[in-house]
Structure formats: structure tokens, C-alpha cells
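To start, the structure under review is shown below, and the notes come after it.
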Amino acid sequence: MRNIFAGLGAGFLLFWMVSCNNTSVTIQPEDIPGDSLTIPYVTKQIRKEPRNPALFSVRARLFFENGQFEDALKDALIAHQLDSMKSDYYLQLSEYYLATGQSENARNILIDLTRNLPRYAPGYVALAKIYLYVKDYKSAEKWLAEAEGIDPQLAQIYFVRGVMYHENNLKEKAIRQFHLSVERDPELYESYNFLGLLYAEKHDTLAAQFYQTASRLNPAAVEPLYNEAMFWQEEGKYERALSLYKRIIAEKDSNYPHAYFNQGYILLNYLNKSSEAIPFFEKAMEKKSGYVEAMYNKGLCYEDLSRYSEARECYKKALDMHVNYPLAIEALNRLDKFKK
């Protein structure tokens, strides 16, 4: 029988492109209390101070966090127009352009930043990220080299270069760059997560330590704990993996479907506990509508228990979720042959 399990790779490039320029998304005018940072409150302050760029920048962030991307972009543009010499506003505007699919505008605003503030190294790094996003690695390295010439202690230079090497399957070079990045910034969460992924590929238990550091730096994040669980699962340490999946549900996100799915997968595939696996696949489907892999694996559980009619029903439901789902077709054919 074939099994499939859920896995998260390192493909969160857009995430870190938007999230790593933290300066632009933490701007707060000193006269705004933290618990008053709401769109209506900031709008009221803007009416009092319509030429205060920091207020527009703060409201842009609030719009962005609320999923109102066009409104966020408008406010970020106003903040930049009101103070065209503040680097934070360039970075914020470029992030929002990028998040709304306007990579050319994002690039252009960053080029303006490097022209107006030529000694500001993060501007060159942000440009490198744009070129990395479109896989123009030569241009990305050019801008990273510019940044390194200005400020060789800037951790983001080495992080972005590490991602570039990782994308080009130059794993040892990527590891070196991520290490350089955390030497310069020991709290660079994303680098530890990448280091975990790369050491996991080498079956090196240091991977777990990097994931644990990432979890400590970003306690709300599910990804490093999930990646550590996946590492132990792939290393055959099933009880340790199960305990981490349970921690995700208990401490991080009780609605995270893959934590349920992978517990079911381990019980079915490695521990020969098919009946115990079924509730986990059901829970995964409860948390993620149309989770065809969970339905298919639930069918495998029933097949393993010789409950063939229930297995067949699961495989048919999998085909309802995903037309021509190959594993379900294969399973139904297998049951038909067995019936004969």
C-alpha cells in the first residue's frame, strides 16, 4: 500500500520578502498608545495632523494586516510623498507593491531609495530580494555586493545570499551564509529555520537545535516546531515526532491540519495502529476542507483492517474531492481485483 504524508518545504520566499524588512512595519508615532492602534483611532489622528507621514505609515500597516492591501498601498504612498527622505517609507512602499503583485514598481521605488540615500545598505538588500524573487541571481548578487561594501555587518546580506544559494542547490554555500547571518544577528529567525532544513537534509541532529532556536525566537510560529517534528519522523523517531505534533495542537494552533494528518500517518504506516489513525485523518479533514490525502489515508486504514466496503467509500469520496486522483483510482482497482 502507498501512503502520503504532508510536508512543508522551504518555499516561503514571498513571506520573508515581506516580513524581513521589519523596520517599516513597526513605525509608531510616540504619541499613540499601543492599545489604541486601530484604524479608526489613527484615522482620527490623521484628521488632526494630515501632514504627519508616520500616521499614514501606521495606518498603512494596520490596513495591510487587515487584508486591505489597496488601502495600505495608498497610505504608504502618502507617507512616502510626505517624507521622501525616510528610508522606512521606501521599504514599506516597496513591500506593499510587491505584495500586490507590482514588482516593477517595487523595484523602481528601491532604485530611488539607493539614489537618494546611497549609503543606506538595507536599500540594496531590498533590491537584491526583488531580483531574487524573479530569479535574476546575477543582479541579486550585484546588489548584495553593493550592500556588503557599505555595511559588511548587515545580517540580511548573508541571509539573502543564503537563500539564493539554496535556490541554486549550493547547499554548503547556503549553510555558510546562514551561519554568517546569525553571527551578525543572533535573533534572525528565518536563518535558523533554513539552517534546520539544510541540516535535516544531511540527517544531522543539529537540525533540531536550529528549529528549537527558531521556535524560541518566534514562539507563535508553527513552522519550526512542525519542521522539527518532520525531521524526527523522517529519522524514525516516531514517538518524539508524535509528541511535537501534539505540542503544535496544544500550544500553537489547534486547527493546524497537518499536525493531525501526520500523527495518523505515523500510526498507520510505522506503528501498525490503523484503527487509532482513523480519528486523526478525520480531524485533519475537519480542519481542512477537501483534504483529499487525509480521505485517501483513511481509506488505507480501513483497507488495512479488512473493512473493504468502508475503504471503498473513502476512496470514492477522495475522487469526489479530486477528480481522477490517481492513488484513489489505484486503490479502487486494487479492491476490485481483490474482490474477484
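Here the working numbering is used: the first residue of the sequence shown is 61, the next is one more, and so on. Ideal Cβ positions, reconstructed from N, Cα and C, are used throughout, including at glycine.
Cβ distance (whole Å) where residue i is taken to contact residue j below 8 Å
i, j, result
"N228", "G256", "With a Cβ gap of about 20 Å, N228 and G256 do not count as contacting."
"K426", "L192", "Given that the chain is displayed from residue 61 to residue 400, the structure contains no residue 426 and the question cannot be resolved."
"Y320", "F291", "No, Y320 and F291 are not in contact; Cβ-Cβ is about 19 Å, not under 8 Å."
"A274", "N322", "That pair is no contact at about 19 Å."
Short Cβ contact (8 Å threshold) for residue i with residue j
i, j, result
"A120", "D135", "yes"
"L187", "W203", "yes"
"F116", "Y156", "no"
"L153", "L137", "yes"
"Y249", "N278", "yes"
"Y356", "L387", "yes"
"A166", "L173", "no"
"V194", "S163", "yes"
"A181", "D148", "no"
"K348", "P317", "yes"
"L97", "L133", "no"
"L331", "Y298", "yes"
"S334", "L302", "no"
"M224", "A200", "yes"
"H226", "F270", "no"
"G127", "Y150", "no"
"A234", "G222", "yes"
"L328", "L360", "yes"
"P110", "A139", "no"
"E295", "H263", "yes"
The ligand ZN heavy atom lying under 7 Å from the CB of residue i
i, result
"A388", "By its list of ligands, the structure shown contains no ligand whatsoever, and the ligand ZN lies outside what it can speak to."
**Message:** Quick check: the stretch 269 to 285 against the stretch 302 to 321, are at least 3 beta-carbon pairs closer than 8 Å?
**Reply:** yes
**Message:** With a threshold of 8 Å, are at least 3 pairs of Cβ atoms found where one atom belongs to the stretch 217 to 226 and the other to the stretch 236 to 245?
**Reply:** yes
**Item:** Completely contained alpha helix (DSSP H) runs for the stretch 127 to 152, where each covers 4 or more residues
**Value:** 129 to 142
**Prompt:** Would you call the stretch 378 to 388 and the stretch 339 to 352 in contact, with 3 or more CB pairs under 8 Å?
**Reply:** yes
**Item:** alpha helix (DSSP H) runs wholly inside the stretch 337 to 398, at least 4 long, in chain order
**Value:** 352 to 364, 368 to 381
**Minimum length 4: unbroken alpha helix (DSSP H) runs contained in the stretch 148 to 225** = 163 to 176, 181 to 193, 197 to 210
**Residue ranges of each alpha helix (DSSP H) within the stretch 256 to 296, 4 or longer** = 266 to 277, 283 to 294
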